[in-house]
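Report on the following structure.
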Amino acid sequence: MPGSFTQSELESFLDEALPAEDMARIEKALRKDKTLAGRLASVHGRRNSGVHSLGDIWRRARVSCPTREQLGSYLLHALGDDLADYVEFHLRTVGCRYCQANLADLEAQQAETADTVETRRRRFFQSSAGLLRKGEGGI
Amino acid sequence: MTSPSQSDSLLVRRIREGDSQAWDDLIARFEGRLLAFAESRTRNRAAAEDVVQETFIGFLTSLPNYDRRRPLESYLFSIAAHKLTDLLRREGRRPTMPLVPTATSTSGWQPSAEVRAASSIARSDERRELEENALTAALHDIVEHWRQTGQWEKLRCVEVLFVRGWPNKEVAKRLGISEQTVANHKYDFLAKLRAAVRRQALPEDVFPELYQQE
């Protein structure tokens, strides 16, 4: 990220879509920089006025994101050179949070034990399945 | 990453019918990536798990409003982003954003002429969605063409120009190409999108970025 924050980066910030370290940098700057807070409010207002942003649309539609299968192949060094270079760029330079999360998940799958994963999934299921039954036939 | 897969659509249909096995399958399919997304910010496993738990609850709560044309993963990430933002605000890490600029701000919300024009057009949510869908389709076509024809430099260049918003000079430096080449890629890209907007008879003033170079 160059020195100051661009409008596209502030838009991404509002959507929690920048890489974690850039999100933290903006949060830190916002605490003491009223001008930046004003710019952020402007971005928010511009959005609400109905103006479309190309960056917003690109990011929301994930126009250039590799598939999860391609990310898996990237991990296994099984992609062609051109595509592998692009995936690296998309992850590191563009800093796509969603693809970074998918990649981290694929890496973690190789490291976690089945018991750990199963215990966690049970907890998610038990805390939400009541809502599912409540919505039966009506969701 | 374009549209929901058939398996996702089927999964959502089964969940809508109250199928608990389908709900279990959805959790198994998506919890890992959601957890990674949240943990990259919380830096705390337990807090990240809470965010994911709230995300799944939020998904079921909002299911009646879920548009099946929307990719499931993107929808779940958007719920997770909201839950994460709430958590970071509660923890005081993420400052509450002023909806209007403060009196001392030097960059107050003074919409430019093009924004004022757009805001003066009464448009329904459906209309805005239609505009966004049309542009999304055009973007997919362009990016797919670049991929198929191996125009990776163009894709890299345009992606950082618009997704990160970096200036031409910075993009040229990062990609090791000339500023003129960056300008050319940008010009070609915007010309293609403008043509798509004209073909669809969409209003030009709601896409101000497309006309900055003209």
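Sequence lines, in order, name chains A and B.
First residue of the first sequence? That's 33 in our numbering, and the numbers climb one at a time after it.
First residue of the second sequence? That's 209 in our numbering, and the numbers climb one at a time after it.
Even glycine gets a Cβ: it sits at the ideal position worked out from N, Cα and C.
Counted within 10 angstroms of its Cβ, other Cβ atoms place residue i as buried (16 or more) or exposed
i	result
H109 of chain A	exposed
A426 of chain B	This structure does not reach residue 426 of chain B, given that chain B is present from 209 up to 422, and the question cannot be answered.
K362 of chain B	buried
A409 of chain B	exposed
E43 of chain A	buried
H353 of chain B	exposed
Q102 of chain A	buried
G112 of chain A	exposed
G162 of chain A	exposed
S85 of chain A	buried
A403 of chain B	exposed
D147 of chain A	exposed
R297 of chain B	exposed
K377 of chain B	exposed
S160 of chain A	buried
G82 of chain A	buried
S74 of chain A	buried
K394 of chain B	buried
CB contact below 8 angstroms: residue i versus chain A
i	result
T269 of chain B	yes
T357 of chain B	no
P319 of chain B	Confidence at P319 of chain B is low in this model, with a pLDDT of 38, below 50, so its placement is unreliable and the value that follows should be read with caution. Yes, P319 of chain B lies at the interface with chain A (some Cβ there is under 8 angstroms from its Cβ).
E239 of chain B	yes
I235 of chain B	yes
I223 of chain B	yes
E387 of chain B	no
R302 of chain B	yes
A244 of chain B	yes
I265 of chain B	yes
G373 of chain B	yes
H348 of chain B	yes
V323 of chain B	The pLDDT assigned to V323 of chain B is 44, lower than 50, so where the model puts this residue is not dependable, and the model offers no usable value.
Inter-residue Cα distance where the pair is residue i and residue j
i	j	result
S217 of chain B	T145 of chain A	30 angstroms
Y419 of chain B	E257 of chain B	44 angstroms
F370 of chain B	T344 of chain B	14 angstroms
E367 of chain B	V126 of chain A	7 angstroms
K291 of chain B	L284 of chain B	11 angstroms
L68 of chain A	R129 of chain A	23 angstroms
I385 of chain B	F121 of chain A	15 angstroms
R301 of chain B	Q142 of chain A	32 angstroms
N392 of chain B	C365 of chain B	10 angstroms
E225 of chain B	S40 of chain A	40 angstroms
A399 of chain B	A346 of chain B	12 angstroms
K381 of chain B	N80 of chain A	34 angstroms
L107 of chain A	R253 of chain B	23 angstroms
E340 of chain B	L72 of chain A	22 angstroms
L171 of chain B	R63 of chain A	Here chain B covers residues 209 to 422 and nothing more, so residue 171 of chain B does not appear.
P411 of chain B	R152 of chain A	49 angstroms
G373 of chain B	V405 of chain B	21 angstroms
D413 of chain B	Q229 of chain B	48 angstroms
A140 of chain A	S248 of chain B	13 angstroms
V260 of chain B	L164 of chain A	16 angstroms
A116 of chain A	R124 of chain A	12 angstroms
Residue i versus the options, residue with shortest Cα-Cα distance
i	options	result
A133 of chain A	B:Y395, B:A244, B:L401 and B:L219	B:A244
C131 of chain A	A:S159, A:G112 and A:P51	A:P51
L242 of chain B	A:F156, A:L163, A:G77 and A:Q39	A:F156
T304 of chain B	A:A49, A:I58 and A:Y118	A:I58
Q356 of chain B	A:V83, A:S96 and A:Q158	A:S96
P279 of chain B	A:A93, A:S105 and A:L115	A:A93
V351 of chain B	B:N376, B:V379 and B:D396	B:D396
F264 of chain B	B:D232, B:D275, B:E247 and B:L295	B:D232
T99 of chain A	A:Y118, A:V83, A:G82 and A:I89	A:Y118
F238 of chain B	A:Q158, A:R154 and A:D137	A:D137
Short CB-CB distance (under 8 angstroms) between residue i and chain B
i	result
G87 of chain A	yes
E59 of chain A	yes
H84 of chain A	yes
R79 of chain A	no
A116 of chain A	no
D147 of chain A	no
D137 of chain A	yes
D47 of chain A	yes
E101 of chain A	no
S36 of chain A	no
heavy atom of the ligand NAP below 7 angstroms from residue i C-beta
i	result
R355 of chain B	In terms of ligand content, the structure shown is empty, and the ligand NAP therefore cannot be addressed.
Contiguous alpha helix (DSSP H) assignments of at least 4 residues, all confined to the segment 39–105 of chain A: 39–46, 52–64, 66–80 and 86–93
Whole alpha helix (DSSP H) elements within the segment 359–416 of chain B, 4-residue minimum: 360–367, 376–383 and 387–407
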